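Asker: My structure is below; once you've seen it, I'll send some questions.
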Amino acid sequence: MTDPWTLSADGFAGLATPRARLLVLAGHAILAPSSHNTQPWRFRLGADRLDLLADRSRALPVVDPEDRALVISCGAALGHLRVAAEALGQGLDVTLLPEPAEPDLLARILPGPVRAPMRAELLAAIHARRTTRAAFTTEALAQPLPLAEAPGVTLHWRTAPAERHAIAELVAEGDRAQMADPGFRGELAAWVRSRHAASRDGMSGAAFGMPDLLSFMGAMAIRRFDMGAGQAAHDMALAENSPALGVLTTPGDTPRDWLRAGEALSRATLALTAAGLKHSYLNQPIEVPALRLKLAALLGTREFPQILLRAGYGPDISPSVRRPLEEVLVEAG
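Position one of the sequence shown corresponds to residue 1262 (our numbering), numbered consecutively onward.
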């Protein structure tokens, strides 16, 4: 089985058919981040068309009852696909939500004319990007922070200690609320994997700092015990000590907004990676409805917070597992 992270775009310009080029772009899309590393996408491939589909069998009904995060994850995959196309000189014609009668069809992608390649550094970043859950150094950032590069999406960066502290308190409050819910704990535990597990999805226990021998026991502990106080203290420290916290917001809270937020997330995380910065997510205040309102108030916006991420300098880590492209690909009828 080919490791999706080793995909090469060499020879892309010489590919003879739109189908072959779309297949390479889809291979870059599946390297996008997703909630719990569920990878909740499928791609329907035709001779000259690629459809991005939501795979709702991989939904998280407790933490994400409206599939908001699921659609954002698919939007991130679309963002990666667009970035790869730009870097490889492939024009695209993309229509979001093209068929109201088919709500799982999130985007239709048609190849367009050849264009001058641009932003090759972001193509390299697709392969280098990691979700780094470890603590960052407190070193001030030397690089400018990226903007939201998607229509209608705003990325609010907060770097002042008092602002980070206020957001960190909401993260801790979210941890306590979520970990008190046995349903939430069970859902989270179901996606924690041992590093040696055969599964190609989910979150490695190592990503949480668990040794291999504790990964299975850690999942059981998450399921059985309310560890909210400890998790809250841990995540509050992560948030407070990260040099920058960023919140993506959208004017509405619809599937179209979620897709746009996912595309903006893709470009922001790739820009951070290209600049030598690490990132991860602290979405607890967005996943708890009452805290989502408080977070918007802290930001001074009437828009809807969609993603909370942190950025800084941190350790290099191995990539998370990915399902192979053939597992998420279906043929157009």
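Even glycine gets a Cβ: it sits at the ideal position worked out from N, Cα and C.
Since the structure is predicted, the reported quantities are computational estimates derived from the model, not experimental observations.
Look at the Cβ atom of R1390, then the Cβ atom of L1526, and state whether they are nearer than 8 Å.
Answerer: No, the Cβ-Cβ distance between R1390 and L1526 is not below 8 Å.
Asker: Just checking my contact of A1381 with A1529 at CB under 8 Å: how many whole Å lie between their CB atoms?
Answerer: Incorrect: roughly 18 Å between the Cβ atoms, too far for contact.
Asker: When the distance is taken between beta carbons, is P1359 closer than 8 Å to E1343?
Answerer: This sequence places Arg at residue 1343; Glu is not what is there. No. Outside cutoff.
Asker: Just to confirm, are Q1351 and V1432 a CB contact at a threshold of 8 Å?
Answerer: Result no, Cβ atoms of Q1351 and V1432 do not sit closer than 8 Å.
Asker: So, is A1572 buried or exposed, given that buried needs 16 or more other C-beta atoms within 10 angstroms?
Answerer: Answer is buried; the Cβ neighbour count reaches 16.
Asker: According to DSSP, what are the bridge partners of V1508?
Answerer: DSSP lists H1417, L1569 as partners of V1508.
Asker: In terms of residue numbering, what span does the alpha helix (DSSP H) encompassing Q1439 cover?
Answerer: Element bounds for Q1439: 1422 to 1440.
Asker: In the DSSP assignment, find the unbroken alpha helix (DSSP H) run with L1499 in it and report its ends.
Answerer: Per DSSP, L1499 belongs to the alpha helix (DSSP H) from 1489 to 1501.
Asker: Less than 8 Å between the C-beta atoms of V1332 and P1516, yes or no?
Answerer: Cβ distance < 8 Å, so V1332 and P1516 count as in contact.
Asker: Which residues bound the beta strand (DSSP E) around G1352?
Answerer: G1352 -> beta strand (DSSP E) spans 1351 to 1357.
Asker: Between the beta-carbon of R1280 and the beta-carbon of L1306, is there less than 8 Å?
Answerer: The answer is yes: Cβ separation under 8 Å.
Asker: Our contact map puts I1387 next to H1341 with C-beta atoms below 8 Å; I'd like the distance itself, whole angstroms only.
Answerer: About 6 Å; that satisfies the 8 Å criterion.
Asker: Which residues in the same chain as A1438 place their Cβ atom closer than 6 Å to its Cβ, once the five residues preceding and following it in sequence are excluded?
Answerer: The residues are V1549.
Asker: Between G1336 and G1523, is the Cβ-Cβ spacing less than 8 Å?
Answerer: The answer is yes: Cβ separation under 8 Å.
Asker: Please classify A1348: does DSSP put it in a helix, a strand, or coil?
Answerer: Helix at A1348.
Asker: Select from T1278, A1536, L1353, F1304 the residue whose C-alpha is nearest the C-alpha of L1366.
Answerer: Ranking the options by Cα distance to L1366, first place goes to F1304.
Asker: Could you check how far apart the C-beta atoms of L1353 and P1322 are, in whole angstroms? I think they sit under 8 Å.
Answerer: Going by Cβ atoms, the distance from L1353 to P1322 rounds to 33 Å, so no, they are not a contact pair.
Asker: Contact check, P1566 vs V1508 under 8 Å by CB: the rounded distance?
Answerer: Contact flag correct, Cβ pair sits at about 5 Å.
Asker: With distances taken between CB atoms, is the gap from L1569 to L1506 smaller than 8 Å?
Answerer: Yes, Cβ-Cβ distance for L1569 and L1506 is below 8 Å.
Asker: In this structure, does DSSP put F1445 in helix, strand or coil?
Answerer: In the structure shown, F1445 sits in a helix (DSSP, three-state: H, G or I).
Asker: Please name the residue, chosen from H1540, T1263, D1577, A1593, that lies closest to L1402 on a Cα-to-Cα basis.
Answerer: Answer by Cα proximity: H1540.
Asker: Curious, which full-length alpha helix (DSSP H) runs of at least 4 residues does the region 1520 to 1550 contain?
Answerer: Those alpha helix (DSSP H) runs which fall completely within the region 1520 to 1550 and span 4+ residues are 1545 to 1548.
Asker: Mapping DSSP to helix, strand and coil, what is L1590?
Answerer: If DSSP states are grouped into helix, strand and coil, L1590 belongs with the strands.
Asker: Beta-carbon within less than 7 Å of F1445's beta-carbon, same chain only, minus the 5 sequence neighbours each way: which residues are those?
Answerer: If we look at F1445 and ignore the five residues flanking it on each side, its Cβ neighbours are V1323, V1324, Q1439.
Asker: Closest by CA to F1397, which one among Q1300, A1498, L1586?
Answerer: Taking only the C-alpha atoms, the option nearest F1397 is A1498.
Asker: Which same chain residues, not among the five before or five after I1578, have their C-beta less than 8 Å away from its C-beta?
Answerer: So the qualifying residues of the chain are R1391, T1393, A1395, A1468.
Asker: Figure out for me which residue from V1414, D1514, L1283 has the closest Cα to the Cα of F1273.
Answerer: Checked all of V1414, D1514, L1283; the closest Cα to F1273 is L1283.
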